[in-house]
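S.K.: Have a look at this one before I ask anything.
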Amino acid sequence: MTDREQQILQLIRKNPLISQQELAKILGITRSSTAVHISNLIKKGYILGKGYIVQEGAYACVVGGANVDIQGFPKDKLMLKDSNPGELKISLGGVGRNIAENLVKLGTDTRLITAVGDDLYGKKILEDANQIGLNMQDSLILNGHATSTYLSILDETGDMAVAISAMDIFDLMSVDFIKQKKHVIENAKVCIIDTNISENVIEYIVTNHRGTNFFLDTVSTAKAMKVADIIGYFHTIKPNKLEAEILSGIKIESEANLQKAAEYFLKKGVKNVFISLGADGIFYHDGQQMNHIQSPKVEVINATGAGDAFMAGLAYCHLNNFDIDFSTRFSMTASILALSHENTINPNISLENINEKMKEIGLC
């Protein structure tokens, strides 16, 4: 595609009903030249025909939480019921937003549907999305409501000790609102849902957009129960061991139990099951292949964003039609990079760095 064709395509995306004369005037070229460029775009498949229906590239859609994260890091051993000297860090977070940002860093066109307030934190989330190239034009912006905030205290090992979440704003993402986003969800090659949004909205999405492949991030044991009765509508799920136990009703105490729990989900209709086992790695099963891949020993700086990076890796691999074994190893490496940085999202996450890390730690 030429530079001029790119300019014309961008203008058409913004206004599919724009005339050739209007395009010519904006670009400072003749109408006949505009017609030639449009003809070339049709031949190349970027425009489907009359009315300038634009052929969208494959993209990921994320429906879930966006919030501000406030994290506390103690300098020494964390002492409960006491004041701990340490450091505070404020950053942008939310499971859905974190997955979306990781996907953008992997070069993926990503649309985030979430809810933010028209406050300082909400404006910061929108500004940051614009800067990194994350599409939030379909998100809900609410006047008079506070943007979701998540406060977590980490222990001396970098693992979360306790957290408080103030996420009531997501209850205002109604089914009526989601109905307006039908085209965004249905045209996505993959749609990732986190359980921060309400149960009825999740159920509506997965039961009314049957042509879309839905990936599930369970978020927590309590929130995972929102999807217990509709788990079979998801193409891919990534519960941790405890969440898998709660959703399947199977106590996981052995490899045989892992297989049994995974098969429970497969029988429900899930296509790919990934069970996160923390330091013990990942177990996967797709009905044909299964494996337990051990995680290499790594220094944990901050465990908060590892699951978000893993899910982003899975979505990226699905978009690129990679097999389940490579997808697991790629996604594990993305999570290891997340673990190794103090930020929830490692600013150095990229395809190049993941590939290099995979070789370094022997996950190729």
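For the sequence shown, numbering that gives the first Met the number 0 gives the first residue as 0, with consecutive numbering after it.
Built from N, CA and C at the ideal position, the CB exists for glycine as well.
#1: Where are the beta strand (DSSP E) runs, 3 residues long or more, that stay fully inside the region 226-281, in chain order?
#2: The beta strand (DSSP E) with TYR389 in it runs from where to where?
#3: May I have the straight-line CA-CA distance separating LEU40 from ILE11, to the nearest angstrom?
#4: Using CA atoms only, rank isn't needed, just tell me which of GLN179, GLY143, ILE348 and LEU16 is closest to GLN136.
#5: Can you tell me whether VAL218 is helix, strand or coil according to DSSP?
#6: On the three-pair Cβ rule with 8 Å, is the region 70-85 touching the region 273-290?
#7: Based on DSSP bridge pairs, tell me the residues matched to ASP193.
#8: Would you check if the distance between the CB atom of ALA308 and the CB atom of ASP158 is smaller than 7 Å?
#9: Assuming VAL174 and TYR203 make a contact with CB atoms under 8 Å, what is their CB distance in whole Å?
#10: For THR148, which of ILE131, ALA99, ILE89 and LYS181 has the nearest alpha-carbon?
#11: Can you list, in chain order, the stretches of the alpha helix (DSSP H) that have 4 or more residues and sit fully within the region 63-126?
#12: Grab me the residues of VAL183's own chain with a C-beta within less than 8 Å of its C-beta, minus the 5 sequence neighbours each way, in chain order.
#13: Suppose the cutoff is 7 Å on Cβ atoms and the five residues either side in sequence are ignored; what does the same chain contact list for ASN256 look like?
#14: Name the DSSP beta bridge partners of ILE163, please?
#15: List the endpoints of the continuous beta strand (DSSP E) containing ILE140.
#16: Can you tell me whether GLU100 is buried or exposed? The criterion is at least 16 other CB atoms within 10 Å of its CB, across all chains shown.
#17: Around the C-beta of GLY132, are 16 or more other C-beta atoms found within 10 angstroms, so that it is buried, or is it exposed?
#18: Closest by CA to ILE191, which one among ALA305, TYR315, ALA128 and THR156?
#19: Taking the continuous alpha helix (DSSP H) assigned at ALA135, which residues delimit it?
#20: Which same chain residues end up closer than 7 Å to LEU246 when comparing Cβ atoms and leaving out the 5 residues on each side of it in sequence?
#21: Ordered along the chain, which non-local residues of its own chain (more than five positions away) have a Cβ less than 7 Å from that of VAL218?
#22: Buried or exposed for ILE163, please, with buried defined as at least 16 other CB atoms from any protein chain shown within 10 angstroms of its CB.
#23: Since ILE348 contacts LEU336 with CB under 8 Å, what's their CB separation in whole angstroms?
#24: Which partner residues does CYS60 have in the DSSP bridge list?
#25: According to DSSP, simplified to helix, strand and coil, what is TYR203?
M.R.: Straight from the coordinates:
#1: Runs found: 271-275.
#2: Absent from the model: residue 389. The displayed extent of the chain is 0 to 363, so no value can be given.
#3: Roughly 11 Å separates the two Cα atoms.
#4: Nearest C-alpha to GLN136: GLN179.
#5: Taken through DSSP and simplified to helix, strand or coil, VAL218 comes out as coil.
#6: Three or more beta-carbon pairs separated by less than 8 Å are not found between the region 70-85 and the region 273-290, which leaves the two stretches without contact.
#7: DSSP output for ASP193 lists ASP216 as bridge partner(s).
#8: By the CB criterion at 7 Å, ALA308 and ASP158 fall outside the cutoff.
#9: Indeed they touch by this definition, with Cβ atoms about 5 Å apart.
#10: Looking at the Cα atoms, ILE89 is the closest of the given residues.
#11: Complete alpha helix (DSSP H) runs here, min 4: 94-104.
#12: When the five nearest sequence neighbours on each side are left out, the beta carbons in the same chain lying within less than 8 Å of the beta carbon of VAL183 are those of CYS60, ARG110, ILE112 and ASP137, in order along the chain.
#13: Excluding sequence neighbours, ASN256 sits near ILE249 and LYS250.
#14: Bridge partners of ILE163: LEU150.
#15: Judged by DSSP secondary structure, ILE140 falls within the beta strand (DSSP E) whose first and last residues are 139-141.
#16: Burial call: buried.
#17: So GLY132 ends up on the exposed side.
#18: Here the closest residue by C-alpha is TYR315.
#19: The sequence as given places Met at residue 135; Ala does not occur at that position. Per DSSP, MET135 is not a residue of any alpha helix (DSSP H), being assigned neither H nor E.
#20: So the qualifying residues of the chain are ALA223, ALA227, ILE230 and PRO238.
#21: Closer than 7 Å at Cβ, skipping near neighbours: VAL94, ASP193, THR194 and ASN195.
#22: ILE163 should be labelled exposed.
#23: With 8 Å as the limit, ILE348 and LEU336 qualify as a contact, their Cβ atoms being about 5 Å apart.
#24: DSSP, once it has assigned bridges, lists ARG110 and CYS190 as partnering CYS60.
#25: TYR203: helix per DSSP, three-state reduction.
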